[in-house]
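In UniProt numbering, the protein residues as written are 1 to 384. Glycine included, every Cβ here is placed at the ideal spot set by N, Cα and C. The model shown is predicted, which means the values in this text are computed figures rather than measured ones. Encoded as structure tokens, the structure appears first; notes follow it.
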Ligand SMILES: NC(=O)c1ccc[n+]([C@@H]2O[C@H](COP(=O)([O-])OP(=O)(O)OC[C@H]3O[C@@H](n4cnc5c(N)ncnc54)[C@H](O)[C@@H]3O)[C@@H](O)[C@H]2O)c1
Ligand SMILES: [Zn+2]
Ligand SMILES: [Zn+2]
């Protein structure tokens with residue numbers, strides 16, 4: 001089959017790989033109809049996620065048709081159209097029982113933090129992902145969800161990560177009615193977080209990035225007040241000024257460890273690798289939120305320490321929350337929001353790229369060219 005193949009930092013290509021097979025009675029094989037490239041894939045692409053092995057196929061945002069099921073699978077059958085959440089979850093362990101599907105203790109048993117994730121390095125279990133014609137889906141009875149008749153495939157694929165992650169970012173913020181919410185990052189996740197902040201009762205939503213076309217998109221879609229951090233000068237000072245010198249009630253980090261914006265962070269974290277990435281947005285979030293406020297982190301950071309002002313967290317009495325989104329937990333509610341038109345996920349998809357052109361897709365999305373918000377890869381057999 002055709003599959004994306006990681007060859008080392010900033011080198012990916014399309015290749016022929018063996019089709020995946022059922023390895024366990026709980027497995028399913030899914031023929032891919034759509035798979036997105038995510039901001040999370042860029043951390044892999046840039047070589048900044050530990051134990052990303054040459055030969056791996058990325059891709060954790062997938063929907064498709066069930067091709068085959070293992071003997072133990074009861075909830076799916078061949079021919080079903082499914083969306084496959086990015087978390088691989090057993091459904092039974094102590095964390096899955098608490099609906100922490102992103103922290104499954106079985107699907108990534110060597111790890112103490114994240115659970116299994118499709119196509120996300122051996123740090124997240126070493127599973128091949130869905131930027132391919134087929135993907136093996138473990139624990140097939142647990143997370144894969146039948147796509148309802150009324151739901152468009154483009155909406156379905158956005159339900160595997162972007163919509164739940166944006167929603168959970170807002171949810172973890174503990175937003176109270178009237179709150180001022182600041183979202184760092186106007187990528188698909190930040191844009192969705194800003195949209196969802198309103199659902200929790202925000203009174204004012206601000207989005208900060210430095211890429212104009214993304215800020216314009218966020219302004220119209222969320223909708224939100226938007227600012228280019230390069231024009232703000234001191235971002236934290238600006239946030240204080242615009243909130244009567246109090247600070248924002250909630251700050252959301254939808255950027256992660258490869259932030260731009262401060263030369264020192266970039267030098268230490270991205271160029272010299274002395275710390276685990278550049279946590280510039282997280283710094284601004286911690287310093288720009290009010291005393292007693294909440295910082296919600298969905299931007300991805302590795303296991304290595306980053307430079308964050310932890311003293312300010314203590315002295316300001318902040319609550320820090322973060323996680324990989326628990327997609328399965330949120331799906332029922334979010335399906336309703338899509339059905340009722342409260343959230344329009346596919347509006348974020350700007351590019352439909354043939355799977356064969358995956359290398360170009362990564363290049364474009366990584367460099368934020370051609371006004372790209374969210375690219376979707378489409379395998380040849382799904383294009384007819
Ligand atoms: N926790 C989860 O479950 C989960 C799921 C999906 C994605 N993520 C993470 O969320 C983050 C965003 O994902 P995405 O797909 O939107 O990525 P993206 O790369 O499309 O967007 C990131 C945006 O952040 C902006 N940015 C960079 N530095 C900034 C700064 N200092 N301040 C403000 N904005 C800055 C960039 O210009 C870019 O527009 C990534 O770290 C990704 O790994 C987490
Ligand atoms: Zn993703
Ligand atoms: Zn589990």
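Query: Check whether the stretch 62-77 and the stretch 120-139 touch, using three or more Cβ-Cβ pairs below 8 Å as the test.; Result: yes
Query: Using beta-carbon positions only, say whether residue 200 and residue 285 come within less than 7 Å of one another.; Result: no
Query: Answer yes or no: do residue 218 and residue 191 have a C-beta to C-beta separation smaller than 7 Å?; Result: yes
Query: Skipping 5 residues on each side, what residues in its chain have a beta carbon closer than 6 Å to that of residue 182?; Result: 206, 248, 251
Query: Can you tell me whether DSSP reads residue 346 as helix, strand or coil?; Result: helix
Query: Which residues does DSSP list as the beta-bridge partners of residue 253?; Result: 184, 297
Query: Quickly, what does DSSP pair residue 235 with across the bridge? List them, please.; Result: Paired residues: none, contrary to the question.
Query: DSSP state of residue 81, grouped into three classes?; Result: strand
Query: If you measure from each residue's Cβ to the nearest non-hydrogen atom of ligand 2, which ones come out under 6 Å, in chain order?; Result: 38, 40, 60, 61, 86, 161
Query: Which residues in the same chain have their Cβ closer than 7 Å to the Cβ of residue 266, if we skip the five residues on either side of it in sequence?; Result: 260, 278
Query: Please classify residue 379: is it buried, with 16 or more other beta-carbons within 10 angstroms of its beta-carbon, or exposed?; Result: buried
Query: Between the stretch 81-96 and the stretch 42-55, are three or more C-beta pairs nearer than 8 Å?; Result: no
Query: May I ask which residues mark the beginning and end of the beta strand (DSSP E) holding residue 8?; Result: 2-8
Query: Taking buried to mean at least 16 other C-beta atoms within 10 Å of its own C-beta, is residue 283 buried or exposed?; Result: buried
Query: Just to check my reading of the structure: residue 4 and residue 14 have Cβ atoms closer than 8 Å, yes? What is that Cβ distance to the nearest angstrom?; Result: 6 Å
Query: Can you check DSSP and say which residues form a bridge with residue 15?; Result: 3
Query: Are there any heavy atoms of ligand 1 lying less than 6 Å away from the beta-carbon of residue 10, as far as the coordinates show?; Result: no
Query: Does the Cβ of residue 106 lie closer than 6 Å to at least one heavy atom of ligand 3?; Result: yes
Query: Reducing DSSP to helix, strand and coil, say where residue 38 ends up.; Result: coil
Query: Does the beta-carbon distance from residue 373 to residue 154 come in below 7 Å?; Result: no
Query: Would the beta-carbon of residue 89 be found less than 6 Å away from any heavy atom of ligand 3?; Result: yes
Query: Just curious, the beta strand (DSSP E) that residue 164 is in, first and last residue?; Result: Taken as a continuous stretch (DSSP letters only), residue 164 belongs to no beta strand (DSSP E), being part of the alpha helix (DSSP H) at 162-172.
Query: May I ask you to list the residues that DSSP assigns as paired with residue 209?; Result: 228
Query: Could you please give me the residues that DSSP links to residue 351 through a beta bridge?; Result: 375
Query: Pick helix, strand or coil for residue 388, following the three-state DSSP scheme.; Result: In the structure as shown, the chain begins at 1 and stops at 384. Residue 388 is therefore absent and cannot be evaluated.
Query: Taking the runs of the alpha helix (DSSP H) that are 4 residues or longer, which of them lie wholly in the stretch 299-330?; Result: 310-316
Query: Please classify residue 324 as buried or exposed, where buried requires at least 16 other C-beta atoms within 10 Å of its C-beta.; Result: buried
Query: Are residue 34 and residue 376 closer than 7 Å when you measure CB to CB?; Result: yes
Query: Does DSSP put residue 288 in a helix, in a strand, or in coil?; Result: helix
Query: In whole angstroms, give me the CA-to-CA distance for residue 114 and residue 100.; Result: 10 Å
Query: Taking the CB atoms as reference points, tell me whether residue 338 and residue 307 lie closer together than 7 Å.; Result: no
Query: Kindly identify the DSSP beta-bridge partner or partners of residue 248.; Result: 289
Query: If you reduce the DSSP assignment to three classes, tell me which class residue 123 lands in.; Result: helix
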